[in-house]
Amino acid sequence: MFVARACIPVEDADTVPKEYRPPTEAELHQFFLPFRGFCARKGIVAKEIIIHDIDVPSALIDYVSKHSISNIVVGASSRNVILRKFKHPDVPTCLLKSTPESCSVYVIGRGKVHTKRLKKKPKSQTDGTETPPRAPHLSRSLSKIQKSSYSNISGLSEDKSSSGTSYDSMSGISDHSGPFKSFETSFENLESFTSSETNSRSFVSSNTPSFIEAEMRKLRLELKQTMEMYELASNEAIIAKQKAKEMQQLKMEMVEDQKIERGKSSEEAITTLAEFEKQKNKAATEAAVMAQKLAELETQKKRAIVENKARIEAEEMKKAIDLLERSNVCYKRYRIDEIEAATDHFNEANKIGEGGYGPVYQAILDHTSVAIKILRPDRSHGQKQFQQEIEVLSRMRHPHMVLLLGACPENGCLVYEYMENGSLEDRLFRKDNTPPIPWSTRFRIAADIATALLFLHQMKPEPVVHRDLKPANILLDHNYVGKIGDVGLARLVPPSVADSVTQYHMTAAAGTFCYIDPEYQQTGMLGVKSDIYSFGVLLLQLITARSPMGLSYQVEEAIEHGTFPQVLDPTVTDWPIEDTLGLAQLALQCCELRKRDRPDLHTVLLPELVRLKNLGLSKMPPKGKLPDVCESRDRPASNSNSAPKLRRSGHEERTRNNPNLPMETRYRTM
Numbered sequence: 001m002f003v004a005r006a007c008i009p010v011e012d013a014d015t016v017p018k019e020y021r022p023p024t025e026a027e028l029h030q031f032f033l034p035f036r037g038f039c040a041r042k043g044i045v046a047k048e049i050i051i052h053d054i055d056v057p058s059a060l061i062d063y064v065s066k067h068s069i070s071n072i073v074v075g076a077s078s079r080n081v082i083l084r085k086f087k088h089p090d091v092p093t094c095l096l097k098s099t100p101e102s103c104s105v106y107v108i109g110r111g112k113v114h115t116k117r118l119k120k121k122p123k124s125q126t127d128g129t130e131t132p133p134r135a136p137h138l139s140r141s142l143s144k145i146q147k148s149s150y151s152n153i154s155g156l157s158e159d160k161s162s163s164g165t166s167y168d169s170m171s172g173i174s175d176h177s178g179p180f181k182s183f184e185t186s187f188e189n190l191e192s193f194t195s196s197e198t199n200s201r202s203f204v205s206s207n208t209p210s211f212i213e214a215e216m217r218k219l220r221l222e223l224k225q226t227m228e229m230y231e232l233a234s235n236e237a238i239i240a241k242q243k244a245k246e247m248q249q250l251k252m253e254m255v256e257d258q259k260i261e262r263g264k265s266s267e268e269a270i271t272t273l274a275e276f277e278k279q280k281n282k283a284a285t286e287a288a289v290m291a292q293k294l295a296e297l298e299t300q301k302k303r304a305i306v307e308n309k310a311r312i313e314a315e316e317m318k319k320a321i322d323l324l325e326r327s328n329v330c331y332k333r334y335r336i337d338e339i340e341a342a343t344d345h346f347n348e349a350n351k352i353g354e355g356g357y358g359p360v361y362q363a364i365l366d367h368t369s370v371a372i373k374i375l376r377p378d379r380s381h382g383q384k385q386f387q388q389e390i391e392v393l394s395r396m397r398h399p400h401m402v403l404l405l406g407a408c409p410e411n412g413c414l415v416y417e418y419m420e421n422g423s424l425e426d427r428l429f430r431k432d433n434t435p436p437i438p439w440s441t442r443f444r445i446a447a448d449i450a451t452a453l454l455f456l457h458q459m460k461p462e463p464v465v466h467r468d469l470k471p472a473n474i475l476l477d478h479n480y481v482g483k484i485g486d487v488g489l490a491r492l493v494p495p496s497v498a499d500s501v502t503q504y505h506m507t508a509a510a511g512t513f514c515y516i517d518p519e520y521q522q523t524g525m526l527g528v529k530s531d532i533y534s535f536g537v538l539l540l541q542l543i544t545a546r547s548p549m550g551l552s553y554q555v556e557e558a559i560e561h562g563t564f565p566q567v568l569d570p571t572v573t574d575w576p577i578e579d580t581l582g583l584a585q586l587a588l589q590c591c592e593l594r595k596r597d598r599p600d601l602h603t604v605l606l607p608e609l610v611r612l613k614n615l616g617l618s619k620m621p622p623k624g625k626l627p628d629v630c631e632s633r634d635r636p637a638s639n640s641n642s643a644p645k646l647r648r649s650g651h652e653e654r655t656r657n658n659p660n661l662p663m664e665t666r667y668r669t670m
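Under full-length UniProt numbering, the residues of the sequence shown are numbered 1 to 670, in order.
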């Protein structure tokens, strides 16, 4: 069953868009094809009925009442709960409320019955005061007329709102007699129904006709107002349609005028554009030529500045060289015959050592004991290192640096002050059965070396890196005062490196393998922290008197397993375990692989070493009593395998018994 307002002839269907016109008869029959096929598959005999009306619920209710339909099935509404609450009732709701009780109503959706209202059996008419059966039809007729009025008003408003945007929708507005004819027909049916009811039913109350007439007058008034509103809306729609046509015509005329104007000005625009591009290319060419000239001038200016600067620097350097040549040198020049006479023509009996760049002889010059270092002629970089050592050492004065007394530049000879106790390496390993060095003296030597190393790193205008710091290059005088010697490998680096800025001077690897910074070995980048690594290995040797190979690993393992006292030099019997352990941990920090993880010499290392030095001075024996060094001169060397007798405090005993000592830094040597 399908309810439609009206059908449009087939010949007029092509002139009106589908969305702005009622369906044709063919389209209506086409609508039922899916349902007809569904019923055929189920074996159901179906019949299509098309009802022409405006109000769908009222049309269905009238059809059910007129043809005594006993069952009706409708689809559920697509509205949600909110829309059903605030809008007019939908078709299923109206049918459930207003369908005669003799008809069952089923509302289905998605294959299920949502709502149903079963029919009721008619009661026997035993009561003489029952309500006339026509009263419900009367109320339904009134509601039908009222709903039709609302539907027409809403339809008019929709047509009015769409008239300004579509020209095709205007064709359905001019003919508005159809809906009002349905209004008139409804009123005629209502009047005939009222008269027939009055004549046929004598038991209707006396005031029912007057009530119906009042309702009729009210509905006629509403109908009149609705017709006036519809007439006004139709007139406005016609006027709007005319204005829209005029605007469209005006727009088309303006478009034509613009096309003509563009056609006239296109040639002028092309000519102007071509001229503009020509001028633009000319300006670009001139700008490029000007930029090239400016670049050439800038290059010439920079070249002139560089040349002028180089000339000034060359003049200043020449003046400085001349001034140095005219001024007194910081060292005494010796002749080769004086060197030969002092060394007895380089007699092997006077040879006291073998340096990295030549032998070292003991001699007497100017009634002073000296050490003469002879540069080997077969060293590829010997002359360069010799010149550097003279330039650096002749201008350096420090109590813990080996003093350069003189030189013979022509033959590559260096004259140093003589250090009676030789190198720190010989004394640690007790060469020639020399006595062991007490722990207090070792702490003082460590502080002396750190002071001299800081002096090198703070040299101005540029710091000096030793690059070969090891016990063999630490010399001891008759009072066991440590002094740094053999700075032949020193190189100058930028001052920013001394300030912990990551700028380094690329250089070739040099120095003894076990003391060289691992990062320097891999990258060739040199900095003041490279000496800190060598100094860390030296400190470990100072307290253990062991070979540098894998020494940091041995000390670390001993600390972790609580056997640190066993790695200390056994020739010293009174190590302060707690302070020595702190020194060992500080030395392990110096042996970190990365430069940035090593402690600072000025702020971390030197203050701690000075504290240990003062500790050793406070433990020195009083006057009149010989120190351990002198007392042990006549004693044979202790067995290195014997366990040392150490004095420990209560805290040291707890440290010794704790196998999991904390460490600030972990390190593994290669």
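Positions of the beta carbon are idealized from the N, C-alpha and C atoms, including for glycine.
Using alpha carbons as the reference points, say which of the options lies closest to residue i.
i    : options                   : result
D486 : A46, A371 and P518        : A371
C408 : A304, S394, M419 and K259 : S394
E420 : A363, I374 and G412       : A363
D569 : P599, D597, P435 and S618 : P435
G524 : R467, T571, Y480 and I305 : R467
E417 : H400, E425 and N433       : H400
F564 : R36, Q554, V572 and K97   : Q554
N433 : L581, T571 and S530       : T571
So, are the CB atoms of residue i and residue j less than 9 angstroms apart?
i    : j    : result
A450 : L601 : yes
L612 : L540 : no
P89  : V64  : no
S440 : G616 : yes
I484 : L476 : no
L538 : P607 : no
I69  : C94  : no
P463 : V528 : yes
G422 : G482 : no
V105 : I51  : no
L375 : A342 : no
Y331 : V415 : yes
S618 : C591 : no
Exposed or buried, what is residue i when buried is set at 16 or more other beta-carbons lying within 10 Å of its beta-carbon?
i    : result
N614 : exposed
T226 : buried
K120 : exposed
G536 : buried
H367 : exposed
I390 : buried
H457 : buried
S210 : exposed
L221 : exposed
P34  : exposed
G412 : buried
Might you give, ordered along the chain, the residues of its own chain that have their beta carbon closer than 6 angstroms to the beta carbon of residue i, omitting 5 neighbours on each side?
i    : result
L593 : P518
T115 : V107
H48  : Before going further, note that residue 48 is Glu rather than His in the sequence given. Taken in chain order, the residues that qualify are F32.
V610 : A447
F455 : H398
P599 : Q589 and L605
F443 : L612, K613 and G616
For residue i, which residues from the same chain have a beta carbon less than 8 angstroms from its beta carbon, with the 5 sequence-adjacent residues on both sides left out?
i    : result
R333 : G406, A407, C408 and P409
K218 : none
A288 : none
Q292 : none
R36  : A46 and E48
Ignore the nearest five residues each way along the sequence and tell me which others in residue i's own chain have a CB closer than 7 angstroms to its CB.
i    : result
D579 : L612 and L615
D344 : N350
C514 : V537, P548 and M549
E268 : none
N473 : I484, G485 and D486
R117 : L96, S104 and V105
Please confirm if the segment 539-554 is in contact with the segment 418-430, defined as three or more CB-CB distances below 8 angstroms between the two stretches. These segments touch.
Check whether the segment 105-121 and the segment 70-79 are in contact - that is, three or more C-beta pairs closer than 8 angstroms. Yes, since at least three Cβ pairs between the segment 105-121 and the segment 70-79 fall closer than 8 angstroms, the two stretches touch.
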